[in-house]
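Residue numbers (our numbering), protein chains in the order written: chain L, 6 to 474; chain P, 14 to 213.
Next up, the structure:
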């Protein structure tokens, strides 16, 4: 048999049929649904009088629109409330499993799925959300889809697909102390650009990836989409299996044993060929921080704001000039000299317990700098409870951070957690696009440790200097 | 779905790189429960100032581009969020064809579900098109963009072309494969029984 990549294998195992026009129909094992990208899909189903094919293959939760304060009082914003109510009505009508707002398991869809054991190795996972790539951390083919595709999956449990190309990313060497998966992701995107992975599925390999926890792997795969790839993959291993064992929706008993035997075979063949390969030596990598309005515009914390004059092309020069104007930054400014007014720790990229531990280790015994507003938003109710059991909430509160309830929050500001015009923010989220965190706001993407370091110093700071020696 | 065959119209130049879907339609308009009505919010932060007044320097606020049905854009158009609100907003404004050097994957797929034609052309050709006066013609059957005496051919996958030309409903198409899907499910229940979630 021809050697295959992990992506080829998952693809082959989910191929229902190839149609006359060359498109393939791919079976979808798991479907995550949230309030923002599903109402029109359910409406379409209703209008056509179609049944929902497989309710138990779905897990639904409201996350984008929910408040992160006083959730007990309900949703004050009318349009947000109506959208969550529409989701609740739809899941009731169609018998779809749903985690309600005040359920401890509620949270960001990409935090909740793995926590519940809904995401499994070798499966296909979709959601009307680009950060569905997160679930690739389990060796699942996971990708974001549009609302019309959501409707297609609700009705048929399949999607017409064209096969992507294979891209292998190999990180050479071990991660230096004080760095994490977020730095790997940002450094990679800095190298290949936000369109570098377009049309490809990325498989992450190398000793640093093997050494990452499941949460780190989720952070890395989460950012695949920012490198243009719809999906990222990490082949499952003992770290994956240990994480999944005993999760509520993971298989149990003899089924676990059968699943495990299959999962242990899930890897790219030694001789499998990749259409593209990117090798990144990370032995001397420094903490990463973005300076522009695209995740590819990133530099070392010890670096400086670049000069558009040095851009490779006229288009790039103009794009950089616009970005620096929007970000209100001057070429040559050391990154560590840039003051900021806001810090956001949370999101599907960095809202898990290990992220909060990393930030709390820096915040412990320190104070948020004057003039800085800092938010910590756990990725789910379970993350929040765990953090509280470990006393992380006390550390954050004593340092002057706000401790919130779970949701997508300031990553995209669909609820009231938005930045005012001109406010500069160190954010553990995934996008620094114009207006992403609020009209005219300025986002710099960093790791949780770097965000906490920025909060307590009031400027971008190399977190390694604040770590206990 | 409305088929796409040949379109002649005004082409608005917006030749910036990496125009993301947050820019095409920002978050505050995503709470809608319907697909229609997003056209007036298209490119909201570029099109209006903080008080909601039109910015005269933005291309879609200028004649004749208010009537544009074609958009010329830079590489990696539609990157970022999967929100289908982006093609909904473009279509509701009146845009039916997008010409750019490259598109992000999810956005590209979302276009076909909404009868929008994304055409890939090199930046030099887009710059030529942007500098021309008068309407352009996007001819899908012939796979050509024509205007100002020029003709530029473009590539498109036959399956994608058929979806637009015939205005195919993808779900109806897939329903022709329901027996294949049932057979697949039956096989998987035996081969991978751990995938079945019995109770949540």
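Cβ atoms here follow ideal geometry from the backbone N, Cα and C, with glycine treated the same way.
query, result
"Distance between beta carbons of residue 111 (chain P) and residue 131 (chain P), contact taken as under 8 Å", "5 Å"
"Any chain P beta carbon closer than 8 Å to residue 438 (chain L)", "yes"
"Status (buried if at least 16 other CB within 10 Å, exposed otherwise) for residue 108 (chain P)", "buried"
"Interface flag, residue 474 (chain L) vs chain P, CB-CB below 8 Å", "Residue confidence for residue 474 (chain L) is low, a pLDDT of 46 falling below 50, so the modelled location carries little weight and cannot support an answer."
"Residue 54 (chain P) at chain L interface by Cβ criterion, 8 Å", "no"
"Within chain L, partners of residue 108 (chain P) - CB distance below 7 Å", "Simply none; closest approach about 17 Å."
"Any C-beta of chain L under 8 Å from that of residue 74 (chain P)", "no"
"C-alpha distance - residue 17 (chain L) paired with residue 30 (chain L), whole-angstrom precision", "11 Å"
"CB of residue 298 (chain L) within 8 Å of CB of residue 154 (chain L), strictly", "no"
"Stretch-stretch touch, CB-based, cutoff 8 Å, three pairs: the region 114-129 of chain P with the region 73-83 of chain P", "no"
"Sub-8 Å separation of residue 187 (chain P) and residue 161 (chain L) beta-carbons", "yes"
"Alpha helix (DSSP H) segment containing residue 208 (chain L), residue limits", "Unbroken run through residue 208 (chain L) is the beta strand (DSSP E), 205-210; no alpha helix (DSSP H)."
"9 Å Cβ cut-off: residues of chain P touching residue 320 (chain L)", "28, 29, 30, 87, 88, 136"
"Supposed contact pair residue 177 (chain L) and residue 284 (chain L) - C-beta distance, whole angstroms, cut 8 Å", "6 Å"
"Residue 333 (chain L) classed as buried or exposed, judged by whether at least 16 other C-beta atoms fall within 10 angstroms", "exposed"
"Residue 289 (chain L), buried or exposed, once every other Cβ within 10 Å from all chains shown has been counted against 16", "exposed"
"Inter-residue spacing [alpha-carbon to alpha-carbon] between residue 23 (chain L) and residue 190 (chain P)", "10 Å"
"At least three beta-carbon pairs within less than 8 Å, the region 222-235 of chain L to the region 136-145 of chain L", "yes"
"Nearest-angstrom beta carbon gap, residue 194 (chain L) and residue 101 (chain L) [assumed within contact, 8 Å]", "The Cβ separation is near 34 Å, so there is no contact."
"Own chain partners of residue 474 (chain L) with C-beta closer than 8 Å, once the 5 adjacent residues on each side are dropped", "Low confidence applies to residue 474 (chain L): its pLDDT is 46, below 50, so where it sits in the model is not reliable, and the reading given next is rough at best. Closer than 8 Å at Cβ, skipping near neighbours: no residue."
"Chain-ordered chain L contacts of residue 35 (chain P) [CB-CB under 9 Å]", "417, 436, 438, 439, 440, 441"
"Terminal residues of the beta strand (DSSP E) in which residue 129 (chain L) lies", "129-132"
"Contact check, residue 460 (chain L) vs residue 373 (chain L), beta carbons under 8 Å", "yes"
"With 16 other Cβ atoms within 10 Å as the buried cut-off, status of residue 199 (chain L)", "buried"
"Short-range partners of chain L found in the region 38-52 of chain P, where Cβ spacing is below 9 Å", "39, 40, 41, 43, 44, 45, 46, 47, 48"
"Residues that residue 93 (chain P) contacts on chain L, provided the C-beta gap is smaller than 7 Å", "135, 436, 438"
"Candidates L:70, L:156, L:122, of which the one nearest residue 256 (chain L) by Cα", "L:122"
"Interface residues of chain L facing residue 171 (chain P) [CB-CB closer than 8 Å]", "26, 27"
"Cβ of residue 16 (chain P) within 8 Å of any chain L Cβ", "no"
"Distance between residue 210 (chain P) and residue 11 (chain L) (C-alpha atoms, nearest Å)", "24 Å"
"Alpha-carbon spacing of residue 340 (chain L) relative to residue 322 (chain L), whole angstroms", "20 Å"
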